[in-house]
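Remarks on the structure that follows.
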């Protein structure tokens, strides 16, 4: 039977199994971010382009340019391949996303336009906001343990793996 590097991390953290509790959450958020990135690409690019083609409109008529999916994939990958800077990168992205989305919601909800495009945007942002509020909460609650992880301690396999 092989032992993973993350079993070693649990032993390094002691009997309380802190790493066993923390790192599955890291994987959860990574996969949540990958799903959000894919969903965002569909909502902001694929669906609007397909609609435009079907209705003989200019291709970019309803496309909302957005590079956040790239950041979400990058952060998800970082959460799976933990490095010393990952904690602060995740905190920074979470705080920036929360501030931006709450600001956009404040503006939007003052005079909402419930078209199919804005409704899709709104629903997407609810899920993005939920992800980052949960992630920031997890980061704050586990800050000490997360900052202490060394690069790769929870992902690398030993010689028998």
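Residue numbers (our numbering): 144 to 304.
Backbone N, C-alpha and C define an ideal beta-carbon position, used for all residues, glycine too.
Rounded to the nearest angstrom, what separates residue i and residue j at their Cα positions?
| i | j | result |
| --- | --- | --- |
| residue 189 | residue 285 | 37 Å |
| residue 198 | residue 207 | 18 Å |
| residue 205 | residue 194 | 8 Å |
| residue 238 | residue 275 | 8 Å |
| residue 224 | residue 267 | 26 Å |
Determine the contact status of residue i and residue j, defining contact as a CB-CB distance below 9 Å.
| i | j | result |
| --- | --- | --- |
| residue 314 | residue 215 | The requested residue 314 is not part of the displayed model; the chain covers only 144 to 304. |
| residue 282 | residue 248 | no |
| residue 202 | residue 218 | no |
| residue 260 | residue 167 | no |
| residue 279 | residue 244 | no |
Quick one: what does DSSP say residue i is sitting in, helix, strand or coil?
| i | result |
| --- | --- |
| residue 224 | coil |
Taking residue i as the reference, which of the options has the closest Cα?
| i | options | result |
| --- | --- | --- |
| residue 271 | 172, 168, 255, 191 | 172 |
| residue 179 | 269, 255, 166 | 269 |
Going by DSSP, what residue range makes up the alpha helix (DSSP H) through residue i?
| i | result |
| --- | --- |
| residue 247 | 229-253 |
| residue 276 | 259-284 |
| residue 190 | 190-197 |
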